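Beneath this line is the structure, given in structure tokens, with notes to follow.
Residue numbers (our numbering): 1 to 465.
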């Protein structure tokens, strides 16, 4: 398994819990720490889950698993509470530890530290090449590499991107080390990544002006306590973006006075993947071009306490939200960053004079600019990108499709790399279902084939599930 964040951990736990015969699961993580990954490794107490505790179980077959766990630490936690994200990272570590301890005889987990630079198919298995150390041989390999870094804006940067005034991702180690409390900051993007960055700055007692801009200037909507999923959303065939929007509006009207659109979004969640797969490619592109920003702010909402903090910062004049496009950057001789922007609906440009620019646009959506490992798979023909270039093409359960469209018997993935095929595939409620389904498939697959033999010069074969 390549990647030890949430996706890899959820799959490894399912394999350890369900395997009854001999199996070695190798979880290979670049940092060496498995469980939290990037999403849940934050130590900032103000970073909260964006999904209520009652819906964050690691196991779809045990919906209250996380709630029972968190109540051992915080007994008063209610199903609708938004707990600290670092707690969920601790939970994932506990889930893996308990699965390891309770595994059947002959079923083991090995945690390895290293960075995979290339994969190749050898016979009925795969060869995994690391940046350092001997290569590994595996019966199967699962890519659980998580999200890519944000892409630099394709504008003239005037040397900004090579300077300490620019932060490509707020999640990089030491990302805010050069930002002083009185410094002015420009955040590119107004989604949940921006929200987390503002909270991180606030925890550091930031008092300088924070500008946040995006094309539409939309902030994530806010969860409302007590909202439950409404009745199933019925969409007429054939699927079109317009027909889906019509079904959502009709469902909202059926809720009547006092109803909440969030109930419609929750009802849509279980069928989003099937609706997405039913859209022809031109319709998917139309959605990405015209509706993606609106979908994101309604689907990926923030906790009420987080919203309150942002409102306080806005009232205090610390945080300002702008609807605008960046046209270019320039570094002044005095060390300032001059950001040229075009406000939405205005023909003339404006200039922001700030001391730092932080890219909060979220993961790079182009698979072609992603991890070198993924580029190598594409170039070798072992994988191909999906039609939209958002991830890797897969079959229904996560096997990679090669350049000819054939499902691999060796290479699999789950989580963000399936974005193009499933659309919603980055949150735990979606990934845990993929982990359960993929674990079952892999165990059936591994049981039906002999183990891969290692060459004399290779280390013992390490089965990557």
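We put the CB at the ideal spot given by N, CA and C, even for glycine. Note that the structure is predicted; figures quoted are calculated from it, not measured.
For a quick check, are the C-beta atoms of residue i and residue j less than 8 Å apart?
i	j	result
residue 156	residue 331	no
residue 398	residue 436	no
residue 25	residue 12	yes
residue 482	residue 140	Here the chain covers residues 1 to 465 and nothing more, so residue 482 does not appear.
residue 416	residue 55	no
residue 206	residue 181	yes
residue 106	residue 21	yes
residue 385	residue 393	yes
residue 306	residue 337	no
residue 144	residue 128	no
residue 378	residue 119	no
residue 210	residue 199	no
residue 335	residue 60	no
residue 142	residue 413	yes
residue 77	residue 67	yes
residue 314	residue 183	no
residue 351	residue 342	no
residue 273	residue 424	yes
residue 99	residue 177	no
Hey, how far is the Cα of residue i from the Cα of residue j?
i	j	result
residue 190	residue 122	45 Å
residue 19	residue 102	11 Å
residue 75	residue 197	29 Å
residue 270	residue 299	13 Å
residue 52	residue 195	18 Å
residue 259	residue 220	20 Å
residue 235	residue 244	6 Å
residue 166	residue 327	16 Å
residue 172	residue 311	26 Å
residue 162	residue 62	48 Å
residue 187	residue 359	6 Å
residue 463	residue 28	Caution applies to residue 463, whose pLDDT of 41 falls short of 50 and renders its modelled position unreliable; the value that the coordinates give is listed next. Each residue's Cα considered, the two are about 11 Å apart.
residue 291	residue 241	9 Å
residue 213	residue 321	6 Å
residue 112	residue 261	45 Å
residue 316	residue 90	35 Å
residue 256	residue 70	36 Å
residue 287	residue 73	42 Å
residue 275	residue 174	40 Å
residue 281	residue 442	30 Å
residue 382	residue 1	17 Å
residue 204	residue 83	21 Å
residue 366	residue 411	21 Å
residue 459	residue 154	Interpretation of residue 459 is limited by its pLDDT of 40, a score under 50 that renders its predicted location unreliable; the figure taken from the coordinates is listed afterwards. Taking the straight line joining both Cα atoms gives about 44 Å.
residue 285	residue 404	23 Å
residue 374	residue 253	45 Å
Tell me which residue opens and which closes the alpha helix (DSSP H) that residue i is part of.
i	result
residue 59	Premise fails: residue 59 is in no alpha helix (DSSP H) and is neither H nor E.
residue 213	That residue, residue 213, is in no alpha helix (DSSP H); its beta strand (DSSP E) goes 210-214.
residue 420	419-422
residue 41	Looking at the DSSP string, residue 41 is not in any alpha helix (DSSP H), and its letter there is neither H nor E.
residue 194	192-203
residue 9	6-18
Could you pull out every residue in the same chain whose Cβ sits closer than 8 Å to the Cβ of residue i, ignoring the five residues on either side in sequence?
i	result
residue 344	215, 216, 217, 323, 324, 325
residue 426	147, 415, 416, 419
residue 456	Annotation note: pLDDT 32 at residue 456 (below 50); position unreliable, no value reported.
residue 283	239, 240, 241
residue 225	80, 304
Tell me which same chain residues have a C-beta within less than 6 Å of the C-beta of residue i, skipping the five on either side of it?
i	result
residue 233	247, 251, 267, 268
residue 420	386, 388, 390, 391
residue 30	115
residue 447	none
Over the uninterrupted beta strand (DSSP E) stretch that includes residue i, give me the two end residues.
i	result
residue 437	Element bounds for residue 437: not the beta strand (DSSP E) but the alpha helix (DSSP H), 428-447.
residue 118	116-122
residue 24	23-29
Excluding the 5 residues flanking residue i on each side, which residues of the same chain have their C-beta closer than 7 Å to its C-beta?
i	result
residue 229	263, 266, 267
residue 50	192, 300, 301, 302, 303
residue 395	401, 407
residue 96	9, 12, 13, 34, 35
residue 85	40, 42, 47, 48, 49
residue 468	This structure cannot settle anything about residue 468, because the visible part of the chain is limited to 1 through 465.
Given the structure, does residue i come close to the ligand NAD, in the sense that its CB is under 7 Å from one of the ligand's heavy atoms?
i	result
residue 394	Because no ligand of any kind appears in the structure shown, any question about the ligand NAD cannot be addressed here.
Using a Cβ cut-off of 8 Å (strictly closer), state whether residue i contacts chain D.
i	result
residue 107	No chain D is present in this structure, which holds just one protein chain.
(Q) At 4 residues or longer, what runs of the alpha helix (DSSP H) sit wholly inside the region 254-312? (A) Entirely contained in the region 254-312, the alpha helix (DSSP H) runs reaching 4 residues are, in chain order, 261-268, 272-278, 281-290, 292-299.
**Q.** Residue ranges of each alpha helix (DSSP H) within the region 327-414, 4 or longer
**A.** Qualifying alpha helix (DSSP H) stretches, in chain order: 372-380.
Q.
Restricting to runs no shorter than 3 residues, where is the beta strand (DSSP E) found entirely within the region 109-190?
A. You should have 116-122, 125-130, 136-138, 141-143, 185-188.
Q. In the region 48-104, which residue ranges form an unbroken alpha helix (DSSP H) of at least 4 residues, counting only runs that do not cross its ends?
A. For the region 48-104, whole alpha helix (DSSP H) runs of length 4 or above, ordered along the chain, are 65-73, 85-101.
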